[in-house]
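Enquirer: Chains R and Z are the protein sequences, given in the same order. To convert, take the position in the first sequence, counting from 1, and add 293; that gives my numbering. To convert, take the position in the second sequence, counting from 1, and add 293; that gives my numbering.
Protein chains: 2
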Amino acid sequence: MTKRNGIAKARPSRRATILDVARRAEVSTATVSRTLTDPDRVAEPTLSRVIAAIRETGYTPNATARNLRAQSTKMVLCLLPGLGHSFWNVIIDAVEEVLTNQGYGVIFGDTRNDPVREAHYDRIVRAGQVDGVLLFNGRLPGTDFLQLNSKMPITLISNDIPSSGLPVFEVANRDAARAMTAYLIAVGHRRVAHITGPKGNVETGERITGYCDGLGAAGISVDDSLIWPGAFNFTAGTDAARRFLKLGADRPTAIFAASDEMAIGFIKGVKDAGIRVPADVSVAGFDGIEYSANFDPALTTMIQPRTEMGLLGAENLVARMSGRPADLQGARLPCSLAIRESVAPLDTPRRRTAARRSRRTGHVEDGSAAPAPGD
Amino acid sequence: MTKRNGIAKARPSRRATILDVARRAEVSTATVSRTLTDPDRVAEPTLSRVIAAIRETGYTPNATARNLRAQSTKMVLCLLPGLGHSFWNVIIDAVEEVLTNQGYGVIFGDTRNDPVREAHYDRIVRAGQVDGVLLFNGRLPGTDFLQLNSKMPITLISNDIPSSGLPVFEVANRDAARAMTAYLIAVGHRRVAHITGPKGNVETGERITGYCDGLGAAGISVDDSLIWPGAFNFTAGTDAARRFLKLGADRPTAIFAASDEMAIGFIKGVKDAGIRVPADVSVAGFDGIEYSANFDPALTTMIQPRTEMGLLGAENLVARMSGRPADLQGARLPCSLAIRESVAPLDTPRRRTAARRSRRTGHVEDGSAAPAPGD
DNA sequence: TGAATTCATGTAAACGTTTTCAACTTAGGG
DNA sequence: CCCTAAGTTGAAAACGTTTACATGAATTCA
Numbered sequence: 294m295t296k297r298n299g300i301a302k303a304r305p306s307r308r309a310t311i312l313d314v315a316r317r318a319e320v321s322t323a324t325v326s327r328t329l330t331d332p333d334r335v336a337e338p339t340l341s342r343v344i345a346a347i348r349e350t351g352y353t354p355n356a357t358a359r360n361l362r363a364q365s366t367k368m369v370l371c372l373l374p375g376l377g378h379s380f381w382n383v384i385i386d387a388v389e390e391v392l393t394n395q396g397y398g399v400i401f402g403d404t405r406n407d408p409v410r411e412a413h414y415d416r417i418v419r420a421g422q423v424d425g426v427l428l429f430n431g432r433l434p435g436t437d438f439l440q441l442n443s444k445m446p447i448t449l450i451s452n453d454i455p456s457s458g459l460p461v462f463e464v465a466n467r468d469a470a471r472a473m474t475a476y477l478i479a480v481g482h483r484r485v486a487h488i489t490g491p492k493g494n495v496e497t498g499e500r501i502t503g504y505c506d507g508l509g510a511a512g513i514s515v516d517d518s519l520i521w522p523g524a525f526n527f528t529a530g531t532d533a534a535r536r537f538l539k540l541g542a543d544r545p546t547a548i549f550a551a552s553d554e555m556a557i558g559f560i561k562g563v564k565d566a567g568i569r570v571p572a573d574v575s576v577a578g579f580d581g582i583e584y585s586a587n588f589d590p591a592l593t594t595m596i597q598p599r600t601e602m603g604l605l606g607a608e609n610l611v612a613r614m615s616g617r618p619a620d621l622q623g624a625r626l627p628c629s630l631a632i633r634e635s636v637a638p639l640d641t642p643r644r645r646t647a648a649r650r651s652r653r654t655g656h657v658e659d660g661s662a663a664p665a666p667g668d
Numbered sequence: 294m295t296k297r298n299g300i301a302k303a304r305p306s307r308r309a310t311i312l313d314v315a316r317r318a319e320v321s322t323a324t325v326s327r328t329l330t331d332p333d334r335v336a337e338p339t340l341s342r343v344i345a346a347i348r349e350t351g352y353t354p355n356a357t358a359r360n361l362r363a364q365s366t367k368m369v370l371c372l373l374p375g376l377g378h379s380f381w382n383v384i385i386d387a388v389e390e391v392l393t394n395q396g397y398g399v400i401f402g403d404t405r406n407d408p409v410r411e412a413h414y415d416r417i418v419r420a421g422q423v424d425g426v427l428l429f430n431g432r433l434p435g436t437d438f439l440q441l442n443s444k445m446p447i448t449l450i451s452n453d454i455p456s457s458g459l460p461v462f463e464v465a466n467r468d469a470a471r472a473m474t475a476y477l478i479a480v481g482h483r484r485v486a487h488i489t490g491p492k493g494n495v496e497t498g499e500r501i502t503g504y505c506d507g508l509g510a511a512g513i514s515v516d517d518s519l520i521w522p523g524a525f526n527f528t529a530g531t532d533a534a535r536r537f538l539k540l541g542a543d544r545p546t547a548i549f550a551a552s553d554e555m556a557i558g559f560i561k562g563v564k565d566a567g568i569r570v571p572a573d574v575s576v577a578g579f580d581g582i583e584y585s586a587n588f589d590p591a592l593t594t595m596i597q598p599r600t601e602m603g604l605l606g607a608e609n610l611v612a613r614m615s616g617r618p619a620d621l622q623g624a625r626l627p628c629s630l631a632i633r634e635s636v637a638p639l640d641t642p643r644r645r646t647a648a649r650r651s652r653r654t655g656h657v658e659d660g661s662a663a664p665a666p667g668d
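#1: Should D565(R) be counted as a contact of the ligand PLP given a C-beta to heavy atom distance under 7 Å?
#2: Does the beta carbon of N406(Z) come closer than 8 Å to any beta carbon on chain R?
#3: Give the residues from the stretch 559 to 573 of chain R that approach chain Z closer than 8 Å (Cβ to any Cβ), ordered along the chain.
#4: Quick one: measure Cβ to Cβ for L477(R) and S575(R), integer angstroms, because I've assumed they're closer than 8 Å.
#5: So, does the CB of V383(Z) fall closer than 8 Å to a CB anywhere in chain R?
#6: Closer than 7 Å by beta-carbon distance: list the chain Z residues that pair up with P354(R), in chain order.
#7: What's the C-alpha gap between R535(R) and E554(R)?
#8: Closest to I632(R) by CA distance: which of T600(R), R617(R), A591(R) and A469(R) is it?
#9: So, with DSSP's three-state summary, where would you put R625(Z)?
#10: For A358(R), return the contacting residues in chain Z, with the cut-off set at a CB-CB distance below 7 Å.
#11: Give the single residue among M473(Z), P571(Z), S341(Z) and Q364(Z) whose Cα lies nearest to the Cα of D640(Z).
#12: Check each residue of the stretch 369 to 381 of chain R: if its Cβ is closer than 7 Å to any Cβ of chain Z, include it; give the result in chain order.
#13: Would you say D589(Z) faces chain R, with C-beta separation under 8 Å as the test?
#14: Is the CB-CB distance between T448(Z) and P460(Z) below 8 Å?
#15: Looking at G562(Z) and T531(Z), is the spacing between their C-beta atoms short of 8 Å?
#16: Name, please, each residue of chain Z whose Cβ falls closer than 7 Å to the Cβ of D331(R).
#17: Chain Z beta carbons: is any one of them nearer than 8 Å to that of E389(R)?
#18: For chain R, check one thing: does any of its Cβ atoms lie closer than 8 Å to the Cβ of V399(Z)?
#19: Considering only residues of the same chain and omitting the five flanking positions on each side of V426(R), which have a CB-CB separation below 7 Å?
#20: Would you say T393(R) reaches chain Z, if we count a Cβ-Cβ gap shorter than 8 Å as a contact?
#21: Alpha carbon to alpha carbon, how far is W521(Z) from A647(Z)? Give it in angstroms, no decimals.
#22: So, is L312(R) buried or exposed, given that buried needs 16 or more other C-beta atoms within 10 angstroms?
#23: Against chain R, which members of the stretch 514 to 536 of chain Z pass a CB distance test of less than 7 Å?
#24: Do the stretch 402 to 422 of chain Z and the stretch 353 to 366 of chain R touch if we need at least three Cβ pairs shorter than 8 Å?
#25: I need the straight-line Cα distance from G606(Z) to G402(Z), nearest angstrom please.
#26: Determine the direct distance from the alpha carbon of S552(R) to that of F525(R), and round the result to whole angstroms.
#27: Between P598(R) and G616(Z), what straight-line distance do the alpha-carbon atoms span, to the nearest angstrom?
#28: Which bits of chain R does D386(Z) rub up against, with CB to CB less than 9 Å?
#29: DSSP beta-bridge partners for D580(Z)?
#30: Per DSSP, which residues does I488(R) bridge with? Please list them.
#31: Which same chain residues end up closer than 7 Å to L610(R) when comparing Cβ atoms and leaving out the 5 residues on each side of it in sequence?
#32: For chain R, check one thing: does any of its Cβ atoms lie closer than 8 Å to the Cβ of Y584(Z)?
#33: Whole angstroms is fine: what's the gap from L361(R)'s alpha carbon to R308(Z)'s?
#34: If you measure from the beta carbon of P642(Z) to each beta carbon in chain R, is any gap under 8 Å?
#35: Could you check if V409(R) is buried or exposed, using at least 16 other CB atoms within 10 Å of its CB as the buried criterion?
#36: For R483(Z), tell me which candidate among L519(Z), G493(Z) and S585(Z) has the shortest Cα-Cα distance.
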């Protein structure tokens, strides 16, 4: 079927170059090039001869040569810490959509917070393999990486690197954390723990601050022993669960985890010990990943507009790569609170009836802060 | 702090080339090149002079030029249908690990089963932007894509394209499906439904066959009305749940979903209708993604050795890209059964209900070939 | 000491494009 | 009939490397 043994075609091994086409069409390489990039500039008898030659030889322009000449690669590098994390999925989809539509290719690099890997990608960037960089990494992959920004745009998505001066597209973390904390308080909780993100992460700090804001606004003083260090992953959640279980009578009645994965890990951890969620303890997450809605109980969480983040970030980068001024220099997007099943009103004697009623649907009934969904 | 205004450095705009280094060190470009690729070939007084010049100019070799000259890009393309699916995560990690260690960069492309996108990546490959292709896609991104395989190796991971002749690294789908079905039967189920993968997918067919094998081995005849078409995603699971709920008394007692996501979607769907898992219906998945263990109930599933698949596939590709013969021409890896919480043995009282459905339209499935497992 | 070898370096050709510039043709205007 | 302008094409340079080949110096061997 498929001609393998090089008998059918003259030279099956070498790929056709522009010169092959030129010779076949009896024109110069310049004309072939023009046929491809700007057909209007080549006259009719020639044009169709060249097109025929292209078809016959199966010619495709060599991207490397083209890039070398054009001094650009039409590629961008996306640097993430952990491609596997389901949080990135939607963002990546959006980024890929924008960049592909604009004719750019995308290279995804996973740093895993490993300096060796970061250096590897640093080298790729320095070697001019890409025209721009999208950073999700939380930190720069090289010490003098910033100096590249003049010729090679860098944009931050869902992470901030303070004092880098780079455009950043992320969520209003502090506001969102404050809102979630306020919500937990509004449904009756006063002893609320917070499982934080990884140390050194800017977002971690902002969410902690927002959490403290929320407590402060309700006149509740911050109890440091209720701020538990985490790391945005399952195990951090189960670790927190162990910590929770060790506590005696003064267990918090609600947990605010800085990521959905941690919230799910926590729930899994305490459930295995016979604790019910939300009957015995309420748990709220952050991110709004797909699984948060499909978990049992469905997770009350702060939904990040991930698609929008990806879209805006990618558009910013594209604009700058093509020399245009970017529409936005950055953005802090608002989150939306998804009230689901994993948080229940605190069943204090005073509020008992109201709490009972809402427990049934899993929705929240509280006149002061939360909108009543009705029944 | 950081010198932004180009006053500090002579020409901050242009990147240093090998010629700049050569001039500064007062040698030829050949010597600079040798210093980088094979330092032993350049004598001492010169060597350090060149090294100094490289450092001073901040020179990094231009990858595009190097690739053009070397006629290779040190890049490979990974084509997947849906980067977001959590099934790929682990495989991608493994692939990236191998390729990065071997000095290759990785481009991930998401086809989303969209011919337009596939054509886009087909073009990238034809333009010589990569040295090899890793296909997860389930089909070729172009009609005469195979003819590229001589000069540009293509390897299939976790999908097969029959009669393509390409090396494929995947799981023994039929065996695994048979084993899962056999397990469900072994714990007492006789009425087992199967939620299939997407139509047209080779793996879908293999798992259906395995499912039928399993039934056959136990003397249970296949009931076509219990083979429900799916698509490897949540919604296919919830769709199946709706289908299940519509069924009356003759509901299956166990569901074997061809992916964990579908299993989770199914459980979520029936739970919302008040059905308990596994008390009222047992559910088994396939894949062994992370969430399967963290879901509630923890999912009984067939764990695919995803890391191994990725490792072997990537190694196969690397070998072929570098001209070496590959160790393996492909592999069918065994799965392992993870027995967790979502499947319960079928107890006797419940089988009485099953007996009630003896009046049935034409088709098979009667007591003759079904000796009751002991009680 | 002369010839043969090794060593260190430079020259220049490739890699496959795009694009500037010049050259040639044709048409149009006076 | 000449001059200019527009249109079409080709020659050659450029992009930044690597590397085959050549050259000259230093070393070795007889």
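Beta carbons are placed, not taken as given, at the ideal position from N, Cα and C, and that holds for glycine.
Expert: With the given structure in hand:
#1: Ligands displayed in this structure: none; no statement on the ligand PLP is therefore possible.
#2: no
#3: I560, K561 and K564
#4: 7 Å
#5: Closer than 8 Å to some Cβ of chain R, the Cβ of V383(Z) qualifies, so yes.
#6: A420
#7: Distance between the alpha carbons of R535(R) and E554(R): 16 Å.
#8: A591(R)
#9: strand
#10: L361
#11: P571(Z)
#12: So the close ones are L376, G377 and S379.
#13: yes
#14: Cβ distance < 8 Å, so T448(Z) and P460(Z) count as in contact.
#15: yes
#16: Per Cβ cutoff of 7 Å: no residues; D331(R) is ~19 Å from chain Z at best.
#17: yes
#18: It does; some Cβ of chain R falls within 8 Å.
#19: V369, L370, L372, V418, M445 and I447
#20: yes
#21: Low confidence applies to A647(Z): its pLDDT is 41, below 50, so where it sits in the model is not reliable, and the reading given next is rough at best. C-alpha separation (whole angstroms): 20 Å.
#22: exposed
#23: F527
#24: Yes, since at least three Cβ pairs between the stretch 402 to 422 of chain Z and the stretch 353 to 366 of chain R fall closer than 8 Å, the two stretches touch.
#25: 17 Å
#26: Rounded to whole angstroms, F525(R) to S552(R) spans 5 Å at the Cα level.
#27: 46 Å
#28: G375, L376, G377, D403 and R405
#29: DSSP, once it has assigned bridges, lists I596(Z) as partnering D580(Z).
#30: W521(R) and A550(R)
#31: Result list for L610(R): V369, G425, L427, P446 and T448, in chain order.
#32: yes
#33: 14 Å
#34: Only weak support exists for where P642(Z) lies, its pLDDT of 49 falling under 50; the value from the coordinates is given anyway. Chain R, which has no Cβ nearer than 8 Å to the Cβ of P642(Z), makes this no.
#35: Around the beta carbon of V409(R), a 10 Å sphere encloses fewer than 16 other beta carbons of the protein chains shown; the residue is thus reported as exposed.
#36: L519(Z)
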